[in-house]
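Taking it in order: structure first as C-alpha cells, then the write-up.
In this note's numbering, the protein residues as written are 318 to 997.
What follows is the structure, given as C-alpha cells:
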C-alpha cells in the first residue's frame, strides 16, 4: 500500500481511539453490582482495543516517517498495556484465565479471526543486530567447546535402571524373533519352488502370453492415472479442491513482499537522517539563537525582580537548582502572568488565615453522627465493583492530544517521501537549548540578585543553622544505611559478563532456542463457549486460547519495556498437560518471538553441575546476573514438580536436590525480576 493509504488508516484508527477514550471514563467510573453487565462492558472495550492495536501495529511497521513513528509507538505501547489491564480485570471478575466473546462478536459484527492478537514486529526488528551478534557468540562458544546441541534441543528423559534393562531385553528378543521368522520364510519359499518345478517340469516360455500380461498391467496403470486426473478435475469444478494456481506463489504476493523490504530500507534510512538532524539542528540553534535566548531570559528575570519588590517591598528568593531554578516560575508563563500569580498567592494566604480563625470558633456538633453515616456509605461502595485506575490511559490521551495538535490537520503535500519535518525538530530542540542556557543564566542572576540586595536593601544571606545541617546529615546517613542493607552481595564481582555467559553455555544451562514461531502452534476458536456457559457447562479451552495467553502474559511483557514496567506483572507461567501437546514448543516460541535467552534449570539438567547449597546459590546468582544484563531472558524448569519433591522416588534420587538446595532455589526464583520463569 502507499503512504497515503497508511496515513488514512492511521487517521481512522486515531479517531476510533479518541472516541473510545471519551466513552471509557463515563462507564468505568460508576460503581456497578451486576456481574454480567460488568463483564460485557469490559469485554466490549477489550475487543475494541484489540482492533485498534491490530491497525496501529500494522501502521507502525509500515510507516517511514520517523516523527510519526515515535508518536505511534507511544500510543501502541499504551494500547498494549490497556489490553493487559482489561484482561486482568476480567480474570479477577470471573476467576478464570479463559473468556468467550461469541455473543459480543456477533453484536459487533466481527469474525473470531479479528480477535487474534498479533505479535508486534518491532520486538525483533529493532534489536535484530543484537540478537544476531548474540547467536554468533553462542554458536562460537559451542563450536570451540565441541558441545553437541542435539541433546540440548531434544533432551532425553531419564528412566529407572530396571525399566531400561527390560526395554533392552524386549528389543533384543523382538530382533531375534524377526530374524528367525525371515529365515524360516526363505526355507519355506525354497521348498515350495522345488515342489512346483518337480510337478510342472520345465515350462517353455510363451512370448505372446508374456506380452499380453505386460499390456494388461500397463493399461491398468494408465487408466488409474486417467481416472485420478478426472476425479481431481471434477472436485475442482465442484469447488471441493483448490485449483493448481493456489499452490503456486502469486505474483502479487511477491510484489507485496518486495514493497515491504523496500519500505524497511527507506524506514532505516529516514531514521538515520532524523538522528543526524537532531544533532545538527540543535547545534545550529545554539549558534544562531543562543545569544537572543540568553538576553530574553535575563530581561525576564530582572523584570521579575523589580515587580516583586514593587509589590511586596522585598526582593524574591531565587529557586534552587534542585527545585528547577527559574524554570519553575516561568514555565509556559509570561511576566504578567507571574506577577498575577504572586498577587493571587498573597490573597489566598489572607483568606486561609481568616477561614482558620472561623473554624476554631465553630465546632461541629453532630460529628459522631456524620462519622457513622460516612462508614455506612463506605461499606456500600466497597460492595460495588469499581474499575481500578489505569496507568496507560494518560499516555494514550497524551498521544491523542499530540496527534490532534500536530498531525490531524497538517498539510504534508510538500513531504511526498515522508521524511522528517525540520520545523518540529526546531521546536523540540529550542526547548532543550533554552533549558541548557537557563542553567548558566540562573548562576549569573543569583549573583546579580545578591548584589541588588546588598546595594538596595543592604542585606546579606544569613548562614544556615547548625542544627538543621546536622539533621540533614543524619537523614543522609540513614538513607545510605538503608541502601546498603537492601543491596545483595555480588558473588562474581571479579568476573565479567562474557566469562559468566561462556561458563553457563559450557555447563549447558544457557541453551540455543529452536526457531519456532507462535503461529506454528495451530488452533481454532471455541465457537460454543458462551452457549455452553449459559447451560452451566464449563467449556474446554482451545489451543487458540492458550496461544493468546502466551502472547499476552509471555511475549508482550518481554518484548516491550514500557508494558513490562506498568502492566500487571506476571512473573511465571505454568504450562501443564500430557506429553505431546506442545509445552516445549511454546517455550521455544516465546524465545524466538522476543529474541530472549533460554536458561534451562530443569532438575535433570542441573544435577551434579553445582553441588551443595553454596554451589546452587552461585549457579542461580550467575544465571540471574547474566539474565539481567542480557535482557530479555526466559528461565525454563522442565518437570518442575521434580525440583520440589517432598518425598523423592528411589529412581530419581540422583536428579533431586536436597532440602537446603530447594529452599535456596525457591528464594532466588521469588526475587527474580524482569525475566520470565516458565514451568513445564
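Heads up, the beta-carbon is just placed ideally off N, CA and C, and yes, glycines get one too. Just so you know, these numbers come straight off a predicted model, no measurement behind them.
Asked: In DSSP terms, what residue 349 is bridged to; Found: 702
Asked: Exposed unless 16 or more other CB atoms sit within 10 angstroms - verdict on residue 922; Found: buried
Asked: Reference residue 839; option with closest CA among 902, 640 and 856; Found: 902
Asked: Cβ distance (whole Å) where residue 369 is taken to contact residue 334 below 8 Å; Found: 5 Å
Asked: Pick from 812, 953 and 960 that is closest to residue 920, judged by C-alpha positions; Found: 960
Asked: CB-CB length for residue 944 against residue 809, believed under 8 Å; Found: Contact doesn't hold; Cβ gap of about 13 Å is too wide.
Asked: Classification of residue 621 by the beta-carbon crowding that lies within 10 angstroms, buried from 16 upward; Found: buried
Asked: Beta-ladder partner(s) of residue 827, from DSSP; Found: 916
Asked: Contained beta strand (DSSP E) runs [length at least 3] in the stretch 892 to 947, N- to C-terminal order; Found: 914 to 917
Asked: With 16 other Cβ atoms within 10 Å as the buried cut-off, status of residue 717; Found: buried
Asked: Residue closest to residue 363, alpha-carbon to alpha-carbon, out of 400, 388, 393 and 483; Found: 400
Asked: Nearest-angstrom Cα separation, counted from residue 423 out to residue 1002; Found: Past the edges of the chain, shown from 318 to 997, lies residue 1002, and the structure says nothing about it.
Asked: DSSP three-state assignment for residue 324, whether helix, strand or coil; Found: helix
Asked: Through-space distance from residue 585 to residue 320, alpha-carbon basis; Found: 16 Å
Asked: Rounded Cβ spacing between residue 732 and residue 826 (contact assumed at less than 8 Å); Found: Contact flag wrong, Cβ pair sits at about 52 Å.
Asked: The stretch 370 to 377 in contact with the stretch 760 to 772 per 3-pair CB rule at 8 Å; Found: no
Asked: Host alpha helix (DSSP H) of residue 463 (start-end); Found: Where residue 463 is concerned, there is no enclosing alpha helix (DSSP H), given that its DSSP letter is neither H nor E.
Asked: Supposed contact pair residue 881 and residue 737 - C-beta distance, whole angstroms, cut 8 Å; Found: Their Cβ separation, rounded to whole angstroms, is 29 Å, which puts residue 737 and residue 881 out of contact at 8 Å.
Asked: Rounded C-alpha distance that separates residue 326 from residue 579; Found: 20 Å
Asked: Start and end residues, alpha helix (DSSP H) containing residue 539; Found: 524 to 555
Asked: Alpha-carbon to alpha-carbon, residue 604 and residue 779; Found: In this prediction, residue 779 scores a pLDDT of 49, lower than 50, which makes its location untrustworthy; the coordinate-derived value is nonetheless stated afterwards. Residue 779 and residue 604: Cα-Cα distance of roughly 40 Å.
Asked: For residue 404, the first and last residue of its enclosing alpha helix (DSSP H); Found: 383 to 411
Asked: Contact set for residue 414: own chain, Cβ-Cβ below 7 Å, skip 5 residues either direction; Found: 408 and 866
Asked: 4-residue-minimum alpha helix (DSSP H) runs that sit fully inside the stretch 830 to 874, ordered along the chain; Found: 846 to 851 and 860 to 866
Asked: Stretch-stretch touch, CB-based, cutoff 8 Å, three pairs: the stretch 443 to 451 with the stretch 379 to 393; Found: no
Asked: Residue 395 and residue 771 closer than 9 Å at C-beta; Found: no
Asked: Cβ contact (3+ pairs, closer than 8 Å) linking the stretch 563 to 578 and the stretch 721 to 732; Found: no
Asked: Spatial distance of residue 841 from residue 491 (CA atoms); Found: 42 Å
Asked: Selected residue, minimal CA-CA separation from residue 870, among 887, 855, 420 and 829; Found: 887
Asked: Rounded straight-line distance, which links the Cα of residue 915 to that of residue 926; Found: 18 Å
Asked: Backbone secondary structure at residue 815 - three-state DSSP; Found: helix
Asked: Backbone CA spacing between residue 337 and residue 600 [nearest angstrom]; Found: 42 Å
Asked: Opening and closing residue of the alpha helix (DSSP H) in which residue 880 lies; Found: 878 to 883
Asked: Proximal residues to residue 323 (C-beta, below 7 Å), its chain only, five neighbours per side dropped; Found: 376, 379 and 380
Asked: Residues of its chain near residue 823, where Cβ-Cβ distance is below 8 Å and the 5 sequence neighbours each way are ignored; Found: 458, 462 and 464
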